[in-house]
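Enquirer: Mapping to my numbering: the sequence shown position 45 is 26, numbers consecutive.
Positions of the beta carbon are idealized from the N, C-alpha and C atoms, including for glycine.
Take this structure, written in structure tokens, and hold onto it; I'll ask about it next.
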Amino acid sequence: MKLLQELFANGLISENRMEEFKKDIEKTCKREEEVILENKIVSEDALFELKSKILGVPFKKVKADQIPAEVLEIISEEASNNYKMEAFAKTENLVHIAMVYPDDFAAQNALRFLANQSKFNYQVYLITPTNFVEIQKQRKTLGAETKKALEQLGQEKDDTLTDLTKKITETNIISDDAPVIKMVLVILRHALEAKSSDIHIEPLRDKLNIRFRLNGVLKSSLLLPLKVHLSIVARIKIMAGLKIDENRIPQDGRFSTKINDADIDFRVATFPTLYGEKVELRILDPSVGVRTFDKLGLSGRNLEVVKEAIKKPYGLILFTGPTGSGKTTTQYAILRILNQEGVNIVTLEDPIEYSIDGINQSQIKPEIGYTFASGLRQILRQDPNIIMVGEIRDEETANLVLNAALTGHIVLSTLHTNSSVGVPARLIDMGVRPFLIPSTLRIVIAQRLIRTLCPKCKTKIKPSKEAEKFILEKINNLPESAKNELKMPEPLYIYSAKGCDECRQTGYSGRAALFEILSMNDEIADLMIKDPSEKTILNAAQKQGMITMEQDGVLKIIAGETTIEEVERVTTER
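Following this line, the structure appears as structure tokens:
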């Protein structure tokens, strides 16, 4: 109990607490370090630096991404897991070994045995459990694992596509350890651990390119030999229940699999290209799918307007923005709040992205005549309180949605326009009678997704003259209510994306939305009937306090959530 005694000697714990911890260690058979860290007496680094002094073993912070693959292979994965040790460097015949528990006699004996077997000398260093986990992740890098699977695949007899299909679907000869299956699982797991939203498997002229979409940006993650393309696609098709022998037309499907003890859904879309089928997988992680308003980026006036709108017993809430702007995620966030025991919620979706308990979700199938319009007619016979319609695509659906909102239902749907103020004109163009719009429409939520700064490495900087001018112009045009709530830093400063290991040197971690929310009032209702042009509605909306997406972006810049470059990137597309 040397660590506890040292903490007591330094006045960090009382004698009574020390005795309590000793009893806890004896009762649970936990290590001394584990109990101290669980009770958050000192930080992990401070504790292990103290342990380093007690043991006389040098403390080390190992950079996992700088360890050569051949060095990691010096100690087997089994030995590493059992004894919490890893090789991290080698100079001539001296191997540098990182250990979490160098005072563990079993670990020391195992290390001596390995050194004798492989004939190397070694130097031991103490590392923290967190640092050990980082090294283990490096051992399981995408490149290393797929390389191992490729080597196993090369040792086996080549299978034709027909043979592979037969083995997996009929005879079940191929196990989870088969190279192709292992390779697919490795790709899926690494995409999930990297917090990617999509996986793109793209055949090129002479190689197979695997790209992950991280924070909205596609990055090449792995290049494989083209010869494994058919096997990988076949495996994914089988998992998604698609026709394995059909590669001339696009196919859609989905599957669920357990990764890192979590059930993860994947939406699959295939597409024929010049060099073979391209496969796109959307990662639908239930743990991040349904988000709260603050995680979405809703705050201030925008948040209050949304909260007020969903309290109404009926009315239409419309979402607008391009594909991939987060509309569905915002819809799910609202449904999460509305999902109470006393209400019946029915949705029509294409596709269903996340399964939500308590909500009756239905996937439309246009190929058999089950469209948004036909499904909406059936929904109204299901005695719903709240209806979500994935998208308004035609005049029939538009009129049905407005009529449903008019007859006592809360209706959520999406429409493609560039801004919130463009929705009335778009509905009228689709054939909706103008007088129906103000009596049913509660709010229009327009949005775009921006990357948010990594909290660990973002740095405070003084803005350039151009940046300062841009910020001050937008601030001056804010509604008075927003100006009063704004806390402007003096002198003005913003944040920059620096880049670190945590954010993979990008400077960004995660995404949030910029919002522009149009709320109905008497003046705007009158304009929708007399003059529903974007300019007149925008002027009236700004008078009532509406914040444009650009202004919302500037507020997020000042709050240190994002950068000017990100705001300009998404708002100049409008």
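1. Report yes if the C-beta distance between A290 and R423 is below 9 angstroms; otherwise report no.
2. Using 10 angstroms around the beta-carbon of V551, count the other beta-carbons present and answer buried if the total reaches 16, otherwise exposed.
3. In terms of residues, what are the limits of the beta strand (DSSP E) holding S355?
4. Can you give me the C-alpha to C-alpha distance between R282 and A463, rounded to a whole angstrom?
5. What residues in its chain sit with their C-beta under 8 angstroms from that of Y474, if we drop five residues either side in the sequence?
6. When DSSP labels each residue in this structure, what does E322 get in the three-state scheme?
7. When you compare each of A172, K537 and N458 to M527 by their alpha carbons, which one comes out closest?
8. Skipping 5 residues on each side, what residues in its chain have a beta carbon closer than 6 angstroms to that of D331?
9. Rounded to the nearest angstrom, what separates D157 and P253 at their Cα positions?
10. Excluding the 5 residues flanking L(-12) on each side, which residues of the same chain have their C-beta closer than 6 angstroms to its C-beta?
11. Buried or exposed for D533, going by 16 or more other Cβ atoms inside 10 Å?
12. Kindly give me the distance between the Cβ atoms of G356 and L329, rounded to whole angstroms, as I take these residues to be in contact under 8 angstroms.
13. Measure how close the beta-carbons of I426 and F496 come, nearest whole angstrom, since I'm counting them as under 8 angstroms.
14. Here's the rule I'm using: 16 or more other beta-carbon atoms within 10 Å means buried, otherwise exposed. How should V114 be labelled?
15. Under three-state DSSP, which class holds H181?
16. For the segment 476 to 489 against the segment 515 to 527, are there 3 or more C-beta pairs whose distance is under 8 angstroms?
17. How big is the Cα-Cα spacing for F86 and P231?
18. Tell me which residue opens and which closes the alpha helix (DSSP H) that D533 is part of.
19. For P206, name the three-state secondary structure that DSSP assigns.
20. Could you say which of R194, N190 and M220 lies nearest to V209 if we only look at CA atoms?
21. Can you check DSSP and say which residues form a bridge with K259?
22. Straight-line CA distance for T127 to I22?
23. Using 10 angstroms around the beta-carbon of P184, count the other beta-carbons present and answer buried if the total reaches 16, otherwise exposed.
24. Please state the DSSP three-state secondary structure of V161.
25. Using the DSSP secondary-structure output, state which residues sit across from E497 in a beta bridge.
26. Would you mind working out which of R485, E261 and A314 sits nearest V287, comparing C-alpha positions?
27. Quick check: the Cα distance between Y335 and I326, rounded to an integer number of angstroms?
28. Are there 16 or more other CB atoms within 10 angstroms of the CB of E322, so buried, or fewer, so exposed?
29. Under the assumption that R194 contacts S201 (Cβ atoms under 8 angstroms), give the Cβ distance between them as a whole number of angstroms.
30. Rounded to a whole number of angstroms, what is the C-alpha to C-alpha distance between K65 and L107?
31. Closer than 8 angstroms is the cut-off here; do at least three beta carbon pairs connect the segment 31 to 51 with the segment 68 to 81?
32. Which residues does DSSP list as the beta-bridge partners of Y103?
33. When the distance is taken between beta carbons, is Q486 closer than 9 angstroms to S505?
34. Could you name the residues of the same chain whose beta carbon sits closer than 8 angstroms to that of Q119, not counting the 5 residues immediately before and after it, in chain order?
35. Three or more C-beta pairs closer than 8 angstroms, one from the segment 292 to 308 and one from the segment 211 to 220: is that the case here?
36. In chain order, what residues of the same chain lie with their CB nearer than 8 angstroms to the CB of A493, ignoring the 5 residues before and after it?
Expert: Considering the structure as presented:
1. yes
2. buried
3. Where S355 is concerned, there is no enclosing beta strand (DSSP E), although the alpha helix (DSSP H) it sits in stretches over F353 to I360.
4. When rounded, the distance between both Cα atoms is 7 angstroms.
5. K441, I442, K443 and P444
6. Here E322 sits in coil by DSSP.
7. N458
8. I345 and G371
9. Here the model assigns D157 a pLDDT of 48, short of 50, so the residue's position is not dependable, and the following value carries that caveat. Distance between the alpha carbons of D157 and P253 is about 28 angstroms.
10. I(-6)
11. By the 10 Å Cβ count, D533 comes out buried.
12. With a Cβ gap of about 4 angstroms, G356 and L329 count as contacting.
13. Their Cβ separation, rounded to whole angstroms, is 6 angstroms, which keeps I426 and F496 in contact under 8 angstroms.
14. exposed
15. strand
16. The segment 476 to 489, when compared against the segment 515 to 527, does not touch it at the 8 angstroms Cβ threshold.
17. Rounded to the nearest angstrom, the gap between the Cα atoms of F86 and P231 is 59 angstroms.
18. M530 to I539
19. Residue state for P206 is assigned as strand, using DSSP reduced to three classes.
20. It is N190 whose Cα lies nearest to the Cα of V209.
21. F252
22. 41 angstroms
23. buried
24. Residue state, collapsed to three classes: helix.
25. Paired residue(s): A427.
26. A314
27. 15 angstroms
28. Under this definition E322 is an exposed residue.
29. Separation of the CB atoms of R194 and S201 is rounded to 11 angstroms, and the pair is thereby denied contact status at 8 angstroms.
30. 11 angstroms
31. yes
32. V76
33. Note that residue 505 is Ile in the sequence shown, not Ser. No, Cβ-Cβ distance for I505 and Q486 is not below 9 angstroms.
34. Contacts found: A45, D46, I48 and L53.
35. no
36. K276, L277, G278, L430, I431, T433, K537, E542 and T543
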